[in-house]
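In what follows, a structure is listed as structure tokens, so that the remarks can point back to it.
As structure tokens, then:
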């Protein structure tokens with residue numbers, strides 16, 4: 384394992400722990416986090432940190448626990464992540480690069496669904512995108528993923544599409560714990576690997 388990979392894992396681990404303690408930092412640093420997550424090359428070269436930043440953006444901004452989580456901020460985040468997912472899934476990886484891991488794609492899909500569940504105007508966009516992605520994956524060989532990884536991607540896309548058909552249920556299921564009404568199902572912070 385290279386030094387760069389180890390450093391990325393350590394940063395990723397501490398980023399998650401730090402933001403779990405202070406979720407408002409994600410809103411404070413949303414511009415910088417969006418700049419990082421909106422750069423497609425980071426999905427290939429900094430997979431662990433990229434996936435965690437995408438997860439943080441989807442989790443914290445969809446929660447609405449911070450009054451600064453405006454519709455404009457949610458929409459801006461959605462559009463940046465949507466563009467990256469489109470780029471990653473519409474072409475072959477850069478020369479010399481492996482396709483992105485399914486974890487990257489499913490994290491982007493989940494973040495988009497979480498953000499759309501908070502801003503219902505975005506639901507048709509993410510539903511259409513997920514349907515097209517699912518159709519492309521089922522349609523045969525795709526250049527943006529390994530064949531054995533497509534099952535996980537298609538399954539996650541189907542789950543999210545089903546949830547988004549019922550916006551109230553989607554918001555309840557996809558709302559993070561710190562913003563969930565009492566007694567509802569919630570998502571959890573991921574376990575960072577060391």
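Residue numbers (the working numbering): 384 to 577. Yeah, the Cβ is synthetic: ideal placement off N, Cα and C, and Gly gets one too.
- Selection 422, 435, 420 and 388 evaluated against residue 400 yields 435 as nearest (Cα-Cα).
- For residue 429, there is no enclosing alpha helix (DSSP H), as DSSP marks it with neither H nor E.
- For residue 479, the three-state secondary structure derived from DSSP is coil.
- Taking the C-beta atoms as reference points, residue 482 is found nearer than 8 Å to residue 529.
- Fully contained in the segment 438-475 are the following alpha helix (DSSP H) runs of length 4 or more, in chain order: 454-473.
- By the criterion of at least three beta-carbon pairs nearer than 8 Å, the segment 498-507 is not in contact with the segment 468-478.
- For residue 541, the closest alpha carbon among the candidates 468, 512 and 526 is that of 512.
- Judged by beta-carbon spacing, residue 496 lies beyond the 8 Å limit of residue 440, meaning their Cβ atoms are not closer than that value.
- It is roughly 24 Å from the alpha-carbon of residue 405 to the alpha-carbon of residue 487.
- Of all alpha-carbon atoms in 549, 485, 545 and 492, the one lying nearest the alpha-carbon of residue 533 is that of 485.
- Judged by DSSP in its simplified three-state form, residue 554 adopts helix.
- At the C-beta level, residue 538 and residue 471 stay beyond 8 Å of one another.
- Of the candidates 520, 514, 522 and 420, 514 places its Cα closest to the Cα of residue 548.
- When the five nearest sequence neighbours on each side are left out, the beta carbons in the same chain lying within less than 7 Å of the beta carbon of residue 480 are those of 427, in order along the chain.
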